[in-house]
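Participant: Heads up, the sequence shown is in my numbering, so the first residue is 1299 and it goes up one at a time. For every residue, glycine included, the Cβ atom is placed at its ideal position computed from N, Cα and C.
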Amino acid sequence: MQALIICNAESPELEQLTIQGSASLLPLGNETVLSRLMSIFILSEISDVTIIHNKAQTIRLTNYLNENRQLWPGYMKINLRELPNFYSLSETLQRIRSSVTSNYLFITYSNTVINEIDLRDIFLTMIRKKASVVTVFSTLPTTESKLLKSIPSELTVTTNDGSTLISYVPACDIKKQSKLPKTLSSQQTILCRSDLRDCGLYLVSRTALDHIAKLGEDITHRKKSIWQYIWSEPPEINQETNGEPDEKFVINNIKNYLECYQTGGTCIHEHHDKIISVKFEDPLIYAETNRLIIQKSCIHTGPQQSGKEFNVIQENCTVHKKAFIRSSFVGSSCKIGADVRILNSVLLSNVEIRDNCTIQGCVIGEKAVIEELCNLKSCTVAALQRVPTGTNLESKQLGFTDPELNAT
1299 MQALIICNAE SPELEQLTIQ GSASLLPLGN ETVLSRLMSI FILSEISDVT IIHNKAQTIR
1359 LTNYLNENRQ LWPGYMKINL RELPNFYSLS ETLQRIRSSV TSNYLFITYS NTVINEIDLR
1419 DIFLTMIRKK ASVVTVFSTL PTTESKLLKS IPSELTVTTN DGSTLISYVP ACDIKKQSKL
1479 PKTLSSQQTI LCRSDLRDCG LYLVSRTALD HIAKLGEDIT HRKKSIWQYI WSEPPEINQE
1539 TNGEPDEKFV INNIKNYLEC YQTGGTCIHE HHDKIISVKF EDPLIYAETN RLIIQKSCIH
1599 TGPQQSGKEF NVIQENCTVH KKAFIRSSFV GSSCKIGADV RILNSVLLSN VEIRDNCTIQ
1659 GCVIGEKAVI EELCNLKSCT VAALQRVPTG TNLESKQLGF TDPELNAT
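#1: How would you call Q1368, buried or exposed, if buried means at least 16 neighbouring beta carbons within 10 angstroms?
#2: Kindly indicate which three-state DSSP category E1545 falls into: helix, strand or coil?
#3: Could you check the C-alpha separation between S1448 and T1587 for me, to the nearest Å?
#4: Any idea which residues DSSP pairs D1496 with across the strands?
#5: With 16 as the cutoff for other CB atoms within 10 Å, does N1364 come out buried or exposed?
#6: Who are the Cβ neighbours of I1317 in its own chain at under 6 angstroms, not counting the five residues just before and after it?
#7: Looking at the secondary structure, which residues open and close the beta strand (DSSP E) in which T1423 lies?
#8: Using only the alpha-carbon positions, how far apart do G1498 and C1660 sit?
#9: In terms of alpha-carbon separation, which member of L1381, Q1300, R1379, A1354 lies closest to E1343?
#10: Does the separation of the CB atoms of D1496 and E1568 fall below 9 angstroms?
#11: Kindly list the residues whose CB is nearer than 6 angstroms to the CB of F1404, restricted to its own chain and excluding five residues on each side of it in sequence; keep chain order.
#12: To the nearest angstrom, report how far apart I1412 and A1321 are at their CA atoms.
#13: Tell me the rounded alpha-carbon separation between G1372 and S1630.
#14: Is A1307 buried or exposed, if buried means 16 or more other CB atoms sit within 10 Å of its CB?
#15: Assess, as a yes-or-no matter, whether the stretch 1336-1356 is touched by the stretch 1608-1621 under the definition of 3 or more beta carbon pairs within less than 8 angstroms.
#16: Just grab the DSSP bridge partners of V1455 for me.
#17: Just confirm the distance between the C-beta atoms of R1379 and I1394, as a whole number of angstroms; I'd bet it's less than 8 angstroms.
Spelled out as structure tokens, the structure:
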């Protein structure tokens, strides 16, 4: 089988945390987002992986591959493909279609975090349900995180057995008084859930892949969301076996039946993750994901002195003996001053936190400097920024720019 990792259109906020703008190489515990995805593919014996990236990421991703190639199986084929960040999924698949020789393709994104999943289970779901598309959903550990609990819900509508997806509504499209169509609510064979989240991992058949790629030929269909392609006409494309429909989809009302049949080839694979499965675009969600991974995995790297518990502290860091760090990631070559408190935070490489600062639930970008007596809570600081002495802020973004404004 083959896999596609899309990195060329990352969240601007995540990109600006690093100097070279590559969110896929953000740390997760003692790994990175990209290395964790690669581990999943290796464990499931996926032998051919293509990484889509933009021009700004080329050098860093090339170096990453050169540094890690010896750790991966010799039979594994890894390709870097540079494409502009404005390309839709359809246009991307058009460009790589000739290199897809397998009948099945895993598609994921550089902001997807999934732990301990066997991709063969997803494939078996596709075979059992005779589906064209399988989407991975999971619940969030909201009982352990106030931040995750505050994330707006997504809505999934499935058949009563919970497997075949009839409709999916992302959080941004849900209104306060959303109503289901009468054709769905009247058939009494549906299951509505607001606890599941789209993880950003999909398995598509060759038929579905060709259909999505073909839509890119029409400029009116160049949409960025994979879901807008899944629901595209004609409905037969979503049914891998173009024969008679399964009996369980036969509904007395033919109008109801057609609505079910349109999405009959899209199935859910519900993944029960021991840690967390999430697709993130917000730096604070990234930091919370990192915290859960560090705590649940009980990772300890570097000297774990008193006051420095449950952390990942990378090499060449200078940490004052009076500093207190808990449930945090401290990147390489960071400097932590005296009487500094760092809680549930991520400090990327070469960050400097000067004396008497408190950093709680924050993400501090590469080579940022936090001056003395600062108190930051739930803040994100872009790379290369300097926070003035005595700054006291909560829930703010510091130093980020709008890429669209820069382009003009």
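Facilitator: In terms of the structure at hand:
#1: Translated into the one-based positions of the sequence shown, residue 1368 becomes position 70. Counting of Cβ neighbours within 10 angstroms places Q1368 among the exposed residues, the total staying below 16.
#2: On the sequence shown, residue 1545 is found 247 positions in, with the first residue counted as 1. Below a pLDDT of 50, predicted positions are generally treated as unreliable, and E1545, at 35, falls in that range; the measurement from the model is reported next regardless. In this structure, E1545 counts as helix in the three-state DSSP scheme.
#3: Residue mapping note: residue 1448 aligns to position 150 of the sequence shown, counting from 1. Residue mapping note: residue 1587 aligns to position 289 of the sequence shown, counting from 1. Approximately 14 angstroms between the Cα atoms of the pair.
#4: Taking the sequence shown and counting its residues from 1, the one referred to as residue 1496 is at position 198. Partner(s): F1435.
#5: The count along the sequence shown starts at 1 and reaches residue 1364 at position 66. Under this definition N1364 is an exposed residue.
#6: For this step, residue 1317 is matched to residue 19 along the sequence shown. Once the five neighbours on either side are set aside, the close Cβ partners of I1317 are E1664, A1681.
#7: Here the question's residue 1423 lines up with position 125 in the sequence shown. According to the DSSP assignment, T1423 belongs to no beta strand (DSSP E) but to the alpha helix (DSSP H) extending over 1417-1427.
#8: For the purposes of this step, residue 1498 is identified with residue 200 of the sequence shown, where counting begins at 1. For the purposes of this step, residue 1660 is identified with residue 362 of the sequence shown, where counting begins at 1. Distance between the alpha carbons of G1498 and C1660: 24 angstroms.
#9: Numbered from 1 along the sequence shown, position 45 holds the residue referred to as residue 1343. Of the listed residues, the one whose Cα sits closest to E1343 is Q1300.
#10: Mapped onto the sequence shown, residue 1496 falls at position 198. Mapped onto the sequence shown, residue 1568 falls at position 270. In this structure, E1568 does not lie closer than 9 angstroms to D1496 by Cβ.
#11: Taking the sequence shown and counting its residues from 1, the one referred to as residue 1404 is at position 106. Excluding residues within five positions, the ones whose Cβ falls inside 6 angstroms are A1301, L1501.
#12: Counting from one through the sequence shown, the residue named residue 1412 turns up at place 114. Counting from one through the sequence shown, the residue named residue 1321 turns up at place 23. Answer to the nearest angstrom: the Cα atoms are 16 angstroms apart.
#13: Within the sequence shown, residue 1372 is the residue found at index 74, counting from 1. Within the sequence shown, residue 1630 is the residue found at index 332, counting from 1. Distance between the alpha carbons of G1372 and S1630: 30 angstroms.
#14: On the sequence shown, residue 1307 is found 9 positions in, with the first residue counted as 1. By the 10 Å Cβ count, A1307 comes out buried.
#15: The stretch 1608-1621, when compared against the stretch 1336-1356, does not touch it at the 8 angstroms Cβ threshold.
#16: Here residue 1455 refers to the residue found at position 157 of the sequence shown. Its beta-bridge partners are S1465, C1490.
#17: Position 81 of the sequence shown, counted from the start, is the residue given in the question as residue 1379. Position 96 of the sequence shown, counted from the start, is the residue given in the question as residue 1394. Confirmed, about 6 angstroms.
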